[in-house]
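Step one of this worksheet: look at the structure below.
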Amino acid sequence: MEIVKTIVCKLKVSKKNKEILLKTMELFRDACNYISEIAWKQKCFNPVALHHLTYRKVREKFKLPANLAIEARDRVAKSYKTDKSKLHEFKSLSMDLDDRLFSIKQKEDKFLVSIATIKGRIKCELDIGDYQRQYLENAKPTYATLHYRNKTFFLHIAIDKEIPEPKGSNPVGVDVGIKHLLVASNGFKVKGGKIVKQREHFRKLRQELQKKRTWSAYRKLKQISGKEKRWINTILHQISREFVDSLKEGDVVVMEKLNGIRERVKLRKEQRYFFHSWAFRKLQQYIEYKALERGIPVVYVNAKNTSITCPRCGYVEKRNRRTQSLFRCVKCGFQHNADMVGALNLANKFRSELARAEWGVVNRPNAGMNAMSFCEHHDSPANHSFLTGGG
Ligand SMILES: [Zn+2]
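Numbering (this note's numbering), first residue to last: 304 to 694.
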C-alpha cells in the first residue's frame with residue numbers, strides 16, 4: 304500500500320532568484336484571481352471548459368509557463384468545487400508545481416531543486432536536516448507547492464511512501480477531549496493543561512493588540528495567530544508520535560467519528576468550539592497517518608453514548624457521567640476517569656461491530672476482556688490522581 308507524505312523544506316535562495324520567484328508567484332496569484340473572476344462571472348467551474356475559456360488569455364497576459372497556467376486554472380477549479388456560492392479570491396503567495404515544473408536532484412550531500420519561472424528554470428539548494436533527507440533519498444516526487452512566508456521560501460514536497468498492509472485485531476480506543484487531550488484504552492494519556500495555558504497566553508496577547516486598533520497591531524495579530532497555529536501543530540505532531548510509538552503489533556486504533564464531539568463538548572463560545580474541533584481533527588489525522596506508516600489499521604466508529612455508557616455492565620444513563628471528568632455507573636458502581644471510559648467504550652464498540660461481522664471473534668473466549676482487566680486496576684476512587692490535575 305502507498306500513502307503520500309508531505310515534506311516541508313526551506314529553500315536557500317539568492318537575491319536574484321528571490322526576485323524572480325516572487326514575481327512568478329505574484330503572477331500566478333494574479334492569474335488565479337483573473338481566472339476566478341471569469342469562472343464566477345460566466346458560472347463556468349468545469350476545469351476543461353474553464354481551460355478553453357481562459358488558457359490563451361492567461362498565457363498572453365501573465366507570461367506564465369504553460370504548465371503554470373494550467374496549475375492556476377486547476378487551483379481555481381478545485382477551489383470552486385467545494386463552494387460555488389461566492390467569488391473566490393486568492394491572496395497568499397503560493398504556487399502549485401507538477402513534475403514538469405520542478406525536479407529534485409541530489410548532488411553529493413546537497414539536494415537541489417529546479418523550478419520553472421517566468422525567466423526560465425532556476426536552481427536552489429534545499430536547506431534541510433536528516434529528517435527530510437531520509438525521505439528525499441531515492442524519492443521521485445511528482446507534486447509540490449511553493450510557499451512564501453515570513454520572508455522565507457518553503458517547498459512542500461509530496462512523496463509516495465510504501466507502507467506495510469495494515470492488519471490487526473486488538474482494539475485500542477482513543478478519546479480526544481479538552482481536559483485530557485488524548486486518552487487511550489492502552490493506558491496512554493496526555494493532559495490538556497499545557498495547551499490550555501499556552502492558548503490563554505496567546506489569547507491575552509490578542510486581546511491587547513485588538514484594543515490598539517492600529518494597522519501594525521492588526522498585522523501583528525495576524526502573525527500571532529499563525530504562530531499559535533504552528534505551535535499547536537507541533538504539539539499535536541509530538542503527541543501523535545508518542546501515542547503511535549506506544550502501540551503494539553496487532554493493535555487497531557479506534558477513534559470516534561468527529562461529528563460526535565459537537566454534542567459532547569457543548570462549548571458556548573463558537574470560536575472555542577472551532578479551535579477544538581480543528582485541533583481534534585488534526586490530532587486524529589496525525590495519528591491515522593503515523594499508525595498507517597507502521598501498518599496499524601485505523602477505524603472510525605460512531606461515538607453515540609460512549610461518554611455515558613458503563614464499560615463494565617453496559618448500562619446507558621446520563622447520570623453515569625458525574626462531572627466533566629468523573630464517571631460512576633449508577634447501576635453497578637463502576638467508577639473511572641470519564642475520558643478513559645470514552646476510550647474503553649470506543650474499543651468495545653469496535654469489538655461489537657466486529658462481532659456482528661465475524662463469527663470468529665464472538666467465539667473467541669476472551670474477546671473484549673483485555674481493556675476491562677486493564678481498567679480494574681484503577682477502579683478505586685483513591686487512585687484517580689489525574690481526576691483533579693490537568694485542566
Ligand atoms: Zn455499570
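Positions of the beta carbon are idealized from the N, C-alpha and C atoms, including for glycine.
Through-space distance from residue j to residue i, alpha-carbon basis
i, j, result
"Leu404", "Ile542", "36 Å"
"Gly496", "Lys482", "7 Å"
"Arg502", "Lys551", "33 Å"
"Leu330", "Thr357", "15 Å"
"Arg584", "Arg533", "15 Å"
"Gln627", "Lys394", "42 Å"
"Leu586", "Ile535", "10 Å"
"Arg615", "Pro600", "26 Å"
"Phe457", "Thr420", "16 Å"
"Ile590", "Ser580", "15 Å"
"Lys346", "Asn336", "15 Å"
"Val555", "Gly529", "34 Å"
"Lys360", "Arg332", "15 Å"
"Asp412", "Ala442", "15 Å"
"Ala646", "Pro469", "21 Å"
"Ala334", "His355", "15 Å"
"Val568", "Leu561", "Bear in mind that a pLDDT of 49 at Val568, under 50, signals an unreliable position, so the number given afterwards is only what the model happens to contain. Cα to Cα, Val568 sits roughly 11 Å from Leu561."
"Phe365", "Glu559", "47 Å"
"His504", "Gln588", "26 Å"
"His459", "Glu531", "20 Å"
"Asn640", "Lys308", "36 Å"
"Lys410", "Asp433", "16 Å"
Neighbourhood of residue i by C-beta, 6 Å cutoff - its chain only, sequence neighbours within 5 removed
i, result
"Ile431", "Cys312"
"Ser406", "Ser417"
"Trp343", "Leu390"
"Gln435", "Ile310 and Cys312"
"Asp402", "Thr445"
"Val351", "none"
"Asn608", "Val619"
"Ala520", "Leu512"
Span of the beta strand (DSSP E), counted from its first residue to its last, around residue i
i, result
"Asp402", "That residue, Asp402, is in no beta strand (DSSP E); it is neither H nor E in DSSP."
"Gln638", "Gln638 to Asn640"
"Ala606", "No beta strand (DSSP E) holds Ala606; DSSP gives it neither H nor E."
"Asn473", "Gly471 to Val479"
"Ser417", "Lys413 to Thr420"
"Tyr618", "Taken as a continuous stretch (DSSP letters only), Tyr618 belongs to no beta strand (DSSP E), as it is neither H nor E."
"Ala487", "His483 to Ala487"
CB contact flag (residue i, residue j, <8 Å)
i, j, result
"Val477", "Ala461", "no"
"Val602", "Val644", "no"
"Tyr438", "Ile310", "yes"
"Glu305", "Asp463", "yes"
"Phe414", "Leu429", "yes"
"Lys523", "Leu512", "yes"
"Leu353", "Ile338", "yes"
"Ala582", "Leu539", "yes"
"Tyr451", "Leu325", "yes"
"Lys652", "Val604", "yes"
"Gly480", "Asp377", "no"
For residue j and residue i, believed in contact at Cβ under 8 Å, the rounded distance
i, j, result
"Pro474", "Arg597", "Not a contact, Cβ separation roughly 16 Å."
"Ala380", "Phe348", "6 Å"
"Arg624", "Ser610", "6 Å"
"Ile466", "Leu595", "6 Å"
"Met398", "Leu314", "Actually they do not touch by this definition, with Cβ atoms about 12 Å apart."
"Gly553", "Gly471", "5 Å"
"Arg509", "Ile527", "6 Å"
"Ile323", "Lys422", "5 Å"
Residues of its chain near residue i, where Cβ-Cβ distance is below 7 Å and the 5 sequence neighbours each way are ignored
i, result
"Lys593", "Ser543, Arg544 and Val547"
"Asn320", "Ile425 and Cys427"
"Ile498", "Leu484, Ile535 and Ile538"
"Cys632", "Cys613, Arg615, Cys616, Tyr618 and Asn623"
"Lys408", "Leu415"
"Lys387", "Phe348"
"Ser549", "Asn489 and Phe491"
Where the alpha helix (DSSP H) through residue i begins and ends
i, result
"Ala352", "Pro350 to Phe365"
"Leu429", "Careful: Leu429 lies outside any alpha helix (DSSP H), inside the beta strand (DSSP E) at Gly423 to Asp430."
"Ala334", "Lys318 to Gln345"
"Ala520", "Trp518 to Asp548"
"Gly496", "Gly496 to Lys515"
"Lys384", "Ala369 to Thr385"
"Asp433", "Asp433 to Leu439"
Residues of its chain near residue i, where Cβ-Cβ distance is below 8 Å and the 5 sequence neighbours each way are ignored
i, result
"Phe635", "It is Cys, not Phe, that sits at residue 635 in the sequence shown. Same-chain partners within the cutoff: Cys613, Arg615, Cys616 and Tyr618."
"Ala369", "Arg362"
"Met328", "Leu396, Ser397, Met398, Leu449 and Tyr451"
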